[in-house]
Amino acid sequence: MSGVLYALEWSTFASSPRLVVVLLYLHVAAFSSTLIAGLWSLVNECLDPHSAKRHFARISMGGTVGGAAAGLAGWQLGGRLGATALLPLLALTCFGCALAVTLLARRSRGSRKRARRARADPTKGTLVMARSPYLRHIAVLVLLSSLGAALLDYVLSSRAKGTLTGAEQLVTFFALFHMGVGVGSFLLQAAASRVALERAGIAGTVSLLPLSVLLGGGVGLLSSALWAVVVLRGLEALVASSLYRAAYELLYTPVPKAEKRQAKMLIDVGVNRIGAVLGSGAVMALLVVLPRGVEPALIVLAMLVAAACAVTAIRLHGGYVRALETSLKSGAVALSSARVIDPATRRTLAETAALDRQELLRAIEERRSVRPSEDPFGSARNSEPPEGGQEFSPQGEGAGFVVAPSGVGWELAGDEIDDVSRALADLRSEDEARVRFALARYQPLPAALVPAAIDLLARDDVCRAALASLREVAPKCPGQLVDALLDRDRDEVLRHRIPRTLEACTDERTVHGLLAALFEPELDVRYQAALALLRITEKSPELRLPRERIIAAAGREIELGQKAWSDRALAWNAERADERLRNRTDRGMEYAICVLSLILDREPLQIAYRALFSEDELLRGTAIEYLDNVLPEEIKEAGMAFIGIARPVGRPRRKLGDLERELLHSRA
786 MSGVLYALEW STFASSPRLV VVLLYLHVAA FSSTLIAGLW SLVNECLDPH SAKRHFARIS
846 MGGTVGGAAA GLAGWQLGGR LGATALLPLL ALTCFGCALA VTLLARRSRG SRKRARRARA
906 DPTKGTLVMA RSPYLRHIAV LVLLSSLGAA LLDYVLSSRA KGTLTGAEQL VTFFALFHMG
966 VGVGSFLLQA AASRVALERA GIAGTVSLLP LSVLLGGGVG LLSSALWAVV VLRGLEALVA
1026 SSLYRAAYEL LYTPVPKAEK RQAKMLIDVG VNRIGAVLGS GAVMALLVVL PRGVEPALIV
1086 LAMLVAAACA VTAIRLHGGY VRALETSLKS GAVALSSARV IDPATRRTLA ETAALDRQEL
1146 LRAIEERRSV RPSEDPFGSA RNSEPPEGGQ EFSPQGEGAG FVVAPSGVGW ELAGDEIDDV
1206 SRALADLRSE DEARVRFALA RYQPLPAALV PAAIDLLARD DVCRAALASL REVAPKCPGQ
1266 LVDALLDRDR DEVLRHRIPR TLEACTDERT VHGLLAALFE PELDVRYQAA LALLRITEKS
1326 PELRLPRERI IAAAGREIEL GQKAWSDRAL AWNAERADER LRNRTDRGME YAICVLSLIL
1386 DREPLQIAYR ALFSEDELLR GTAIEYLDNV LPEEIKEAGM AFIGIARPVG RPRRKLGDLE
1446 RELLHSRA
């Protein structure tokens, strides 16, 4: 449409130049922001937050090259053939852009299907922004930056008109100015965009725009020469068309598509225009109040607006992370049951395959509330005896007696003098029924029987009954349990079951013991200790664990996982070892995420981990971006590399129809 209008304007310029000038102004004012915003919206929906960081910088570089080429064309063609010669060139450029956008849209069929559903949402963009503080912050950022740019545009135009003479000089000046901005933006984008996004983050890179205005404003106030204003406006335009643009578009990538489609165009076009109108109004007001000193006043006002813009940009980081969390929570159902952290979730996935995401998470939480500390490797964690076993009441029907299970030809009197000695013998017996009877007889366990009950944790047949008895007395004897947990001479199975008995303890001895267990050689022991700490902190949210120790434990696991993959290269039969090694590494990743959940927001972190194995590229990219934002700096680089190493390879491809149904289901 825009290309057709340029062609019509060119064809009628000779007969009606005044009318065409007015129409051209209205055309550019109405279409320029809309076309740019529409292009970025389409690109934004085709990329996930992680890959967007890489691609947006390249796209912005293409825009800066186009700006430099346009400046060069305006300088050469405008000076030789006149401004009207640029109209057919603009028409051809628009036709080329239309072709490129069409090809891009065809490559994103999934995005278009999601887009159709987003358009069906009756919620308007203003209502979406009213519900979303994050989008309101983006709108304020756009409003302030547009307002400041309008102020600086007038200052540059006024200074140039007062310094230069003749229309030809003005055309040449502005053509060279925009060409210089385009070339400078390209060089800045190529040299600094990736570094800025990685080191300063998205919010930090966005804040470079107002900082450039503050810096350039100081130069503009020091001198009344044209070059000072060129530095001010040029520095702002340089950053705005390169670093700021690449970072700004990334702010939208974690926003749900239904909200993005309704709000982004409103912000990029409507709010942007409102900022320009406010800037023009401020110029008109100052021209009335300060007709002679308007330029310095506008520069000062632009600097004040830039300061407010910088504060808004810095505050966007928290909103960006929360938007990532929302994006993860709204689409993390497309999971493989082999890739979730705990068996309760695995079981829920198997039993609720037809549920939507909210029902799934609700079912998971219900499972966790009933059995919050199940063994992620499939071991039983609850206190019920196995099928076929008998659970005995501590109270017998006769006064002072406990009725023995059938098949046991002995009874114990409650007042028997050598009762404890006999109970010790029973607990050390190989007879399962005899052991169960002794555990049921003594509720709660006397301190003298605790060591024998701890030894029973190594036995699969009676471990559940022993766990139930030890859980009851753990708050009274945490020292014995912690000592057994950290005793490396004891059976590994026994040691990795001990943390389950300590989940009701919040004393300092227990917490320190479980923290020490995070550094034990056996992965199962480390993992169970981390799960116990999670349960303890859930019951006692006021408990604060030492951040340095948690990060050190997670970092150690990452190093062990990376070393395991490095050692794999030395194996003679590496291919056969790959699956076993991958299983171990995946468990190591689960443990590292579990440990980090002790100091980070748990639900989005665990959803992000599960989303790493999703077949939805957008969801996986969102998860990677979220982890890149929340992982502690001390382990971020190694952690992201570890995630890349441990991702599964060679997974069988599923049918497109199945994937589409699953994706639609997961985003319901």
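Using my numbering, you'd call the opening residue of the sequence shown number 786 and step up by one each time.
Glycine included, C-beta positions come from ideal geometry on N, C-alpha and C.
Treat the numbers as computed from the prediction; the structure is a model and nothing was measured.
- Rounded to the nearest whole angstrom, the CA to CA distance from Pro873 to Cys882 is 14 Å.
- Between Leu1255 and Leu1271 a beta carbon distance of about 16 Å is seen, past the 8 Å cut, so the two are scored as non-contacting.
- Per DSSP, Glu1034 is one residue of the alpha helix (DSSP H) stretching across 1030-1035.
- The Cβ atoms of Tyr1105 and Leu1051 lie no closer than 9 Å to each other.
- Going by DSSP, Glu794 is part of the alpha helix (DSSP H) stretching over 787-797.
- His1297 is classed as exposed because its beta carbon has fewer than 16 other beta carbons within 10 Å across all chains shown.
- Under the criterion of beta carbons closer than 8 Å, Tyr919 and Glu1110 do not qualify as touching, at roughly 11 Å.
- Closest in alpha carbon position to Phe958, among Ala977, Ser942, Pro802, is Ser942.
- Within a 10 Å sphere around the beta-carbon of Thr1322 sit 16 or more other beta-carbons, which makes this residue buried.
- By the CB criterion at 9 Å, Ala1408 and Ala1423 fall outside the cutoff.
- Residue range 1011-1024 is occupied by the alpha helix (DSSP H) that includes Gly1019.
- Taken through DSSP and simplified to helix, strand or coil, Phe1398 comes out as coil.
- Per DSSP, the continuous alpha helix (DSSP H) segment holding Phe1222 begins and ends at 1217-1226.
- Annotation: Ala1238 to Ile1343 spans about 35 Å, alpha carbon to alpha carbon.
- Rounded to the nearest angstrom, the Cβ distance from Pro1231 to Val1205 is 6 Å, consistent with a contact under 8 Å.
- With the rule of 3 Cβ pairs closer than 8 Å, the stretch 996-1016 counts as touching the stretch 932-952.
- Each residue's CA atom was taken as its position, placing Leu1072 and Val1079 some 6 Å apart.
- The residue from Leu1224, Val1258, Arg1275 with its alpha-carbon nearest to that of Ala1243 is Arg1275.
- When rounded, the separation of the alpha-carbon atoms in Thr797 and Leu875 is 15 Å.
- Per DSSP, reduced to three states, the secondary structure at Cys1248 is helical.
- Within the same chain, and ignoring the five residues on either side of Leu999 in sequence, the residues whose Cβ sits closer than 6 Å to its Cβ are Met1088, Ala1091.
- Collapsing the DSSP output to three states places Thr1291 in coil.
- Of the residues Met1425, Thr1097, Arg1332, the one whose Cα lies closest to the Cα of Ile987 is Thr1097.
- The alpha-carbon separation between Leu1241 and Pro1041 amounts to approximately 52 Å.
- For the pair Leu929 and Ala1093, the CB atoms are nearer than the 9 Å cut-off.
- Following the DSSP letters along the chain, one finds Asp1386 in no alpha helix (DSSP H), marked with neither H nor E.
- Under the DSSP assignment, Leu1279 falls in the alpha helix (DSSP H) whose first and last residues are 1277-1282.
- Inclusion of Ala1393 and Phe1427 in the CB contact set at 9 Å is not warranted, their separation being larger than that value.
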